[in-house]
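Student: FYI, the numbering used here numbers position 48 of the sequence shown as 48, with every residue one higher than the one before it.
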Amino acid sequence: GGGGGGGENGDGGGGSSTRLPFLFKVLSVRTALSIQAHPNKTLAAKLHREKPQHYKDDNHKPEMTIAVTPFEALCSFQKINSVLENCRACPELVAVVGREAVAALSAAAEKAAPLTPAWPTARWGRRGATARAGAERNSAKHAAPHSLPEGVSAAEAAARREAVVVPALKRVFTRLMTAEQALVKAQLDALMTRIESTSPMLRLPVDELAARIHEQYPHDVGVFCVYLLHHLVLEPSRNCLGTVWERSRYLLNYLVLEPGEALFLNANEPHAYLFGDCIECMAESDNVVRAGLTPKFKDVDVLCEMLTYDDGPPYMVPPLLIDGGAERYIAPVPEFLVDRAMVEAGGAVLLPASPFVSIVVVVEGRGKLEELVRQQPQLGGGANSVDGLVHAVRQGSVFMACAGTALQVRAEERLLIFRATAKHDLAEAEAAGGGGAPSLPTTTAASASASASASA
């Protein structure tokens, strides 16, 4: 997809729009995808104008990822003190970025320490079904530390901390990504030799991860990024929770997240998907700025300049339990939201009507999908729902549901289903009876076969 991400009117899918403002994907990752970030709208317009052969549209591409299987990702920078510790433990990385950059990182970490807030005691974004999307990350980033210098407000402390952390992280990352390939190759060879000569019982998880990525991308500078970015494992089951949580002692933020959690990536945040299956929803754009772990076009200078270098916790999106039994993931962008329903055999869940066109993907199981179309109020009476078509669904089924159509999902065997639609207020949509629909064809849901993709 490409284009303006909101149709002719930029109304997020309403009015006279004939395009969906989002892309909805099933990703199945077996080889790590590129170290990348997505531009904001201002940068996207500039890149599209100057390099249209690489940047096909002028839209931004915020995205949200929901795990289907255990899902590994690198995303955003670790806390500056953790990056410093990793540099000190990896002489090969220091040889690439230079001792001066590491010394500056150390000085910045020392200045930032009294201004650094504690992360939330509950793991990121987890405060139950009523949590506001993004609240955990924002509160963690701007929360007051245990003690502030006298006379310094929390806002001032955050600004002062950012002023020292961002340049130091930027210097290290830029030195790494712009290093001569011969130097990178020599130091990666040295790193792999050191890891291989270390007893498996003594190897750190970060080193094991580096070795695994190096097998996929030999001598790629992106291998060193495992020492700088958060390593997340999005886990949709509680299996081996204890095992991976114990490993987090060695690698900061190597975590197993509980069922139903999702990761949001805003503009200018570095990330790479490493392994697993997920549902991904994003604004309608193909704009990707890459710098490592890829044979595709690398725009290293642009990536190094565009990043936020925020070392706060990753932005987790807690689901909201909505009427009907589904979970709703509300990203802090207007283009999309995603509903998830896990329905046990013999059970049923109602996906409430959206005022916009929806895309529905069945990821697991089989059952029935019934359309419930809300009629417009008749003279002397109120609006009511009427039964529509009933569809047999199974793993791989994909449907387009028209605006104003609620979906009753009944499982014959355990069924996992996702729906993406343009962002809207549920109460307002119900009060309007599904009004404000986009002018797309008003046919019933159309079935198609699903395909897994790993476009990065």
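Quick reminder that beta carbons are idealized off the backbone N, C-alpha and C, glycines included.
1) Within 10 Å of its beta-carbon, does THR116 have 16 or more other beta-carbons around it, so buried, or fewer, so exposed?
2) Could you tell me which residues DSSP puts in a beta bridge with VAL360?
3) Measuring only the C-alpha atoms, how far is VAL289 from LEU229?
4) For HIS219, I'd like the list of residues in its chain whose CB is within less than 6 Å of its CB, leaving aside the five on either flank, ordered along the chain.
5) Of the residues THR178, LYS61 and ALA158, which one's Cα is nearest the Cα of ASP301?
6) Pairs of beta-carbons, one from the region 350-358 and one from the region 396-406, closer than 8 Å: are there three or more?
7) Do VAL29 and TYR273 have their C-beta atoms closer together than 8 Å?
8) What number of angstroms, rounded off, separates the C-alpha of VAL68 from the C-alpha of PRO21?
9) Whose C-alpha, out of ASP310, ASP311, LEU337 and PRO313, is nearest the C-alpha of LEU320?
10) Determine, using beta carbons only, whether GLY276 and GLY222 come nearer to each other than 8 Å.
11) Go to HIS271, then tell me how far its beta strand (DSSP E) extends in each direction, as first and last residue.
12) For LYS56, which of helix, strand or coil comes out of DSSP?
13) Let me confirm a value: ASP425 is counted as buried when at least 16 other C-beta atoms fall within 10 Å, else exposed. Which label applies?
14) Would DSSP call TYR227 helix, strand or coil?
15) For the beta strand (DSSP E) that LYS25 lies in, which residues bound it at each end?
16) Looking at ASP57: is its Cβ nearer than 8 Å to the Cβ of ASN266?
17) Need the endpoints of the beta strand (DSSP E) that SER264 sits in, please.
18) Closest by CA to PRO295, which one among PRO270, GLN216 and TYR315?
19) Please report the distance separating the alpha-carbon of THR198 from that of ARG212.
20) Would you report the Cα separation of ASP299 and HIS214, rounded to the nearest angstrom?
21) Pick out the complete beta strand (DSSP E) segments inside the region 284-324, 3 residues or longer, and give them in chain order.
22) Answer with buried or exposed for LEU389, where buried requires no fewer than 16 other C-beta atoms within 10 angstroms of its C-beta.
23) If you draw a straight line from the C-alpha of GLU370 to the C-alpha of ILE417, how long is it?
24) Could you check where the alpha helix (DSSP H) with ILE330 kicks off and where it finishes?
25) Under 8 Å by Cβ, that's how I've got ALA44 and SER285 pegged, so tell me the actual separation to the nearest angstrom.
26) Answer with buried or exposed for LEU463, where buried requires no fewer than 16 other C-beta atoms within 10 angstroms of its C-beta.
27) Quick check on HIS214: does DSSP put it in helix, strand or coil?
28) Over what stretch of residues does the beta strand (DSSP E) that includes ALA37 continue unbroken?
29) Just checking VAL288 against the ligand PLP - is the residue's beta carbon closer than 7 Å to any of the ligand's heavy atoms?
30) Helix, strand or coil: which one does DSSP assign to LEU204?
31) Taking the CB atoms as reference points, tell me whether ALA262 and MET64 lie closer together than 8 Å.
32) Restricting to Cα atoms, I'd like to know which of ARG194, ALA108, LEU415 and VAL393 is closest to LYS170.
33) Using 8 Å as the cut-off, can you tell me whether the region 390-398 makes contact with the region 358-372, which would need three or more C-beta pairs spanning the two stretches below that distance?
34) What does a CB cutoff of less than 7 Å around ASP311 pick up in its chain, not counting 5 residues either side in sequence?
35) Does DSSP put SER106 in a helix, in a strand, or in coil?
36) What residue range is occupied by the uninterrupted alpha helix (DSSP H) comprising VAL349?
Tutor: So, to answer that:
1) buried
2) PHE399 and ARG419
3) 17 Å
4) LYS185 and LEU188
5) THR178
6) yes
7) yes
8) 23 Å
9) LEU337
10) no
11) 271-283
12) coil
13) exposed
14) helix
15) 22-29
16) no
17) Per the sequence shown, the amino acid found at residue 264 is Phe instead of Ser. Unbroken beta strand (DSSP E) run through PHE264: 262-265.
18) GLN216
19) 15 Å
20) 21 Å
21) 289-292 and 315-317
22) exposed
23) 14 Å
24) Segment: none, ILE330 is in no alpha helix (DSSP H) and carries neither H nor E.
25) 7 Å
26) Absent from the model: residue 463. The displayed extent of the chain is 1 to 456, so no value can be given.
27) helix
28) 35-37
29) Annotation note on the ligand PLP: not contained in the displayed structure, which lists no ligands.
30) coil
31) yes
32) ALA108
33) yes
34) PHE77, GLN78, LYS79, ILE80, VAL165 and LEU169
35) helix
36) Looking at the DSSP string, VAL349 is not in any alpha helix (DSSP H); the run it does join, the beta strand (DSSP E), is 348-351.
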